[in-house]
Amino acid sequence: MTTETTSYLPAGLPVPVPAVDGLDTEYWEAAKRHELVVQQCSSCNGYQFGPEWICHRCHAGDLQWARASGRGTIYSWERVWHSVHPALKDACPYLVVLVELADAGNVRMVGNLLGDPLQEVAIGAGVECVFEDHTDDGVTLVQWRTVG
Numbered sequence: 129m130t131t132e133t134t135s136y137l138p139a140g141l142p143v144p145v146p147a148v149d150g151l152d153t154e155y156w157e158a159a160k161r162h163e164l165v166v167q168q169c170s171s172c173n174g175y176q177f178g179p180e181w182i183c184h185r186c187h188a189g190d191l192q193w194a195r196a197s198g199r200g201t202i203y204s205w206e207r208v209w210h211s212v213h214p215a216l217k218d219a220c221p222y223l224v225v226l227v228e229l230a231d232a233g234n235v236r237m238v239g240n241l242l243g244d245p246l247q248e249v250a251i252g253a254g255v256e257c258v259f260e261d262h263t264d265d266g267v268t269l270v271q272w273r274t275v276g
């Protein structure tokens with residue numbers, strides 16, 4: 129896991145913020161520490177992401193945050209040519225990936241794939257998370273890049 133010093137996202141695009149109900153606060157705090165976490169159920173040991181109040185598998189309410197390695201494989205991807213947000217209009221094309229985390233019960237997370245937006249992308253390719261610090265608003269985003 130590494131840190132990205134420049135923003136992949138263009139100015140003017142609102143960055144995600146923690147949910148008002150506090151459900152995902154630990155995720156955002158871990159990202160600031162450059163740690164990737166997902167929820168793990170204490171009853172069935174299942175992993176999940178995005179954050180929920182109950183386990184997706186057994187419906188228990190005893191969820192903890194577990195650290196993940198930040199490595200995974202590309203499960204799916206898309207090259208975006210036409211953005212839906214005006215701030216991304218001049219950023220196209222860009223890559224969005226669905227990453228499967230092998231060490232966290234094959235939980236899948238969505239994010240941007242850094243690097244050349246015209247690079248060849250392969251299902252099953254290895255990736256690692258990259259932490260992108262936004263000092264102006266105090267948010268750290270999880271992005272992805274391919275690994276050899």
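Residues 129 to 276 in this note's numbering are what the sequence shown lists, from first letter to last.
All C-beta atoms, glycine included, are put in the ideal place defined by N, C-alpha and C.
**Request:** Return the chain-ordered list of same chain residues with a C-beta closer than 8 Å to the C-beta of residue 255, the five sequence neighbours on each side being excluded.
**Result:** Taken in chain order, the residues that qualify are 199, 200, 201, 202, 225, 227, 241, 272, 273, 274 and 275.
**Request:** Report the residue from 210, 193 and 239 whose alpha carbon sits nearest the alpha carbon of residue 81.
**Result:** Nothing about residue 81 can be reported from this structure: the residues present for the chain run from 129 to 276 only.
**Prompt:** What residues are listed by DSSP as bridge partners for residue 257?
**Reply:** Residue pairing by DSSP places residue 257 opposite 272 in a beta bridge.
**Selected residue, minimal CA-CA separation from residue 190, among 174, 178 and 145** = Answer by Cα proximity: 174.
**Asked** Going by alpha carbons, who is nearest to residue 151 out of 264, 182 and 197?
**Response** Nearest option by C-alpha distance: 182.
**Inter-residue spacing [alpha-carbon to alpha-carbon] between residue 267 and residue 138** = Going from the Cα of residue 267 to the Cα of residue 138 covers about 15 Å.
**Request:** Could you check which residue in 214, 232 and 206 has the C-alpha nearest to that of residue 222?
**Result:** Relative to the Cα of residue 222, the nearest Cα in the group 214, 232 and 206 belongs to 206.
**Message:** Beta-carbon within less than 8 Å of residue 170's beta-carbon, same chain only, minus the 5 sequence neighbours each way: which residues are those?
**Reply:** 188, 190, 191 and 192, listed in sequence order.
**Message:** Let's see if you can read the secondary structure: which residues bound the alpha helix (DSSP H) around residue 201?
**Reply:** Taken as a continuous stretch (DSSP letters only), residue 201 belongs to no alpha helix (DSSP H), being part of the beta strand (DSSP E) at 199 to 208.
**Message:** Which same chain residues end up closer than 7 Å to residue 252 when comparing Cβ atoms and leaving out the 5 residues on each side of it in sequence?
**Reply:** Closer than 7 Å at Cβ, skipping near neighbours: 201 and 202.
**Item:** Inter-residue spacing [alpha-carbon to alpha-carbon] between residue 163 and residue 217
**Value:** Rounded to the nearest angstrom, the two C-alpha atoms are 31 Å apart.
**Asked** In angstroms, rounded to a whole number, what distance separates the CA positions of residue 143 and residue 208?
**Response** Straight-line Cα distance between these residues: approximately 18 Å.
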